[in-house]
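**Student:** Would you mind keeping the following structure in view while I ask a few things?
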Amino acid sequence: MAQFKPGERVEVNSNDRGFRGSWYAGTVVRREAKNTNRYVVEYDQLYADESGEKLLQETLDWVQLRPPPPPPEKKVQFKVEDEVEAFYSDGWWEGAIIAEHSGGKFAVFLRGFDEQIVLEEKDLRLPVQWVKGKWEPRFEQVQREKEVS
């Protein structure tokens, strides 16, 4: 079971309808005293009110949390058919690159939205998995690196 400390940066996964496959940035506020595998997290960009003045806080199970992924060790050369996480609508969403545009932009199909959008390279990252306390590349990424080598 993961243990996160107050003030620690995390990403939150939601299984709520319309949010599957997304990760949102936040900070651990505290661990619950009665149920120690639950944490109160304050989101960076999701708000509790319509005015956008009060950040949303939620109590979440530890399995919904992970540390933010580390930056890539080397510059990623994205290409068509790459599986990616795309920053859109205040969170990171699962998707796939379906076309390359000029100026470092890519058309990405976002599964959670069932639509295509064009994003800049800075808004894309290769997906990784948090497994047993360490980051591991997804299968597609391992296969891609073998092809490049």
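Residue 461 in our numbering is what sits at position 76 of the sequence shown, and the numbering runs on without skipping anything. Note that beta-carbon positions come from the ideal geometry of N, C-alpha and C, so glycine has one too.
#1: Rounding to the nearest angstrom, what Cα-Cα distance links residue 452 and residue 483 in this structure?
#2: Which residues in the same chain have their Cβ closer than 8 Å to the Cβ of residue 438, if we skip the five residues on either side of it in sequence?
#3: Tell me the rounded alpha-carbon separation between residue 408 and residue 496.
#4: Is the separation between the beta-carbon of residue 480 and that of residue 469 shorter than 8 Å?
#5: Could you spell out where the beta strand (DSSP E) holding residue 512 opens and where it closes?
#6: Within the same chain, show all residues whose beta-carbon is closer than 8 Å to that of residue 418, passing over the 5 residues directly before and after it, in chain order.
**Tutor:** Walking through what the data contain:
#1: Taking the sequence shown and counting its residues from 1, the one referred to as residue 452 is at position 67. Taking the sequence shown and counting its residues from 1, the one referred to as residue 483 is at position 98. The C-alpha of residue 483 is placed about 28 Å away from the C-alpha of residue 452.
#2: If you number the sequence shown from 1, residue 438 lands on position 53. So the qualifying residues of the chain are 432.
#3: Here residue 408 is taken as the residue at index 23 of the sequence shown, counted from 1. Here residue 496 is taken as the residue at index 111 of the sequence shown, counted from 1. So the two alpha carbons sit approximately 13 Å from each other.
#4: Taking the first residue of the sequence shown as 1, we reach residue 480 at position 95. Taking the first residue of the sequence shown as 1, we reach residue 469 at position 84. Yes, the Cβ-Cβ distance between residue 480 and residue 469 is below 8 Å.
#5: By one-based count along the sequence shown, residue 512 stands at place 127. No beta strand (DSSP E) contains residue 512, which DSSP labels as neither H nor E.
#6: In the sequence shown, counting from the first residue as 1, residue 418 sits at position 33. Nothing listed; no residue qualifies.
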